[in-house]
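Here's the structure we're looking at; comments come further down.
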Amino acid sequence: MCLGIPGRIVATTDVAGLLMGTVDFGGITREVCLAYVADDAAIGAYVIVHVGFAISLVDEAEAHRTLELLRSLGDVLQDELAPLDDPVRPPRHEPSRGPATT
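Take a look at the structure:
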């Protein structure tokens, strides 16, 4: 599943000519490329982030509604925002292994 997660820009920086920013996703912060929204990427603005890239701006009310919806789904928000270098989380439920043998 591909999700675009809303977050608030809390800092911006230029890295070798590329606009980057720190984005707060309701308490979880990540470094994000802001190049696609560079003209409107102001501190305090809300963006939709997909795979580390801010792909569009969104208003604050919509960002909060979406974050609340994602929180209601359990670990979805945490899973989507887990750093890539973290070990993959194990499945929540063990798959069926078929009938028991004795």
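In this text, residue positions in the sequence shown follow the numbering used here: the first is 1106, and each later residue adds one. Ideal placement from N, C-alpha and C gives every residue a C-beta, glycine not left out.
Would residue i and residue j be called neighbours here (beta carbons separated by less than 8 angstroms)?
| i | j | result |
| --- | --- | --- |
| residue 1134 | residue 1126 | no |
| residue 1148 | residue 1109 | no |
| residue 1140 | residue 1123 | yes |
| residue 1168 | residue 1142 | no |
Provide the residue span of the beta strand (DSSP E) that contains residue i, from first to last.
| i | result |
| --- | --- |
| residue 1123 | 1123–1129 |
| residue 1116 | 1110–1120 |
| residue 1162 | 1158–1163 |
| residue 1141 | First-last for residue 1141: undefined, no H or E at that position. |
Quick one: residues in its chain with C-beta nearer than 7 angstroms to the C-beta of residue i, no 5 flanking neighbours on either side, listed in chain order?
| i | result |
| --- | --- |
| residue 1144 | none |
| residue 1165 | 1151 |
Sorted by chain position, which residues of the same chain lie with C-beta nearer than 6 angstroms to residue i's C-beta, five sequence neighbours on each side aside?
| i | result |
| --- | --- |
| residue 1115 | 1127, 1129 |
Can you list, in chain order, the residues of its chain whose CB lies under 8 angstroms from that of residue i, leaving out five sequence neighbours each side?
| i | result |
| --- | --- |
| residue 1131 | 1112, 1172, 1176, 1182 |
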